[in-house]
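In the numbering used here, the protein residues as written are 181 to 383.
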């Protein structure tokens, strides 16, 4: 069932803001755009004062406020999000993004963040898509003995017979890429970094 959300900008492309399937609500990726003049005025820095404020924080807040309205229209809320995917044009903005994320998600859902070369509206810095449950289908957080991430997201959530897992990195979040997940630099041609990283994230 498609969800109509009258309070948020309508995209130019042919897709709906969200759809409900059973106890799950799938929100389309949202950008900080009003689809009239590029980046929405509320999400832009004042060009007369470019050093006052943070573009990534303003855009992240704008997107998450619209996603909150989307889930409200569907009968649920951000507190029931079980999976997030985030696309950023510059991962140097990640820290500022994560600060705002914490405001909206005190109990963070699993999340995957990916760097990308560009988004559909020039000037936009972040796109976020989310999956949430209806309030009657609460998820159960999973915590294993894998390394705890530095950023504000959880490892996984179980909803019924579904598992929503965060993206996994080959990192111990203490030293960067651990020795077991990379080729010994003294023997660079004996082994494969990608294979070692893959094994590390699969254990």
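All C-beta atoms in this analysis are idealised placements derived from N, C-alpha and C, irrespective of residue type, glycine included.
List the endpoints of the continuous beta strand (DSSP E) containing residue 249.
It is not in any beta strand (DSSP E) - residue 249 instead sits in the alpha helix (DSSP H) that spans 235-254.
Measuring CB atoms only, is the region 238-257 touching the region 181-188, in the sense that at least three cross pairs come out at less than 8 Å?
yes
Is it the case that the region 233-241 contacts the region 301-311, given that we only count it when at least three CB pairs across the two stretches are under 8 Å?
yes
Between which two residues does the beta strand (DSSP E) containing residue 377 stretch?
Counting along the chain, residue 377 falls outside any beta strand (DSSP E), though it belongs to the alpha helix (DSSP H) covering 373-382.
What are the boundary residues of the beta strand (DSSP E) that includes residue 309?
306-313
Since residue 373 contacts residue 362 with CB under 8 Å, what's their CB separation in whole angstroms?
5 Å
Applying the 10 Å Cβ sphere with the 16-neighbour rule, what's the burial state of residue 204?
Label assigned to residue 204: buried.
Does the separation of the CB atoms of residue 224 and residue 265 fall below 9 Å?
no
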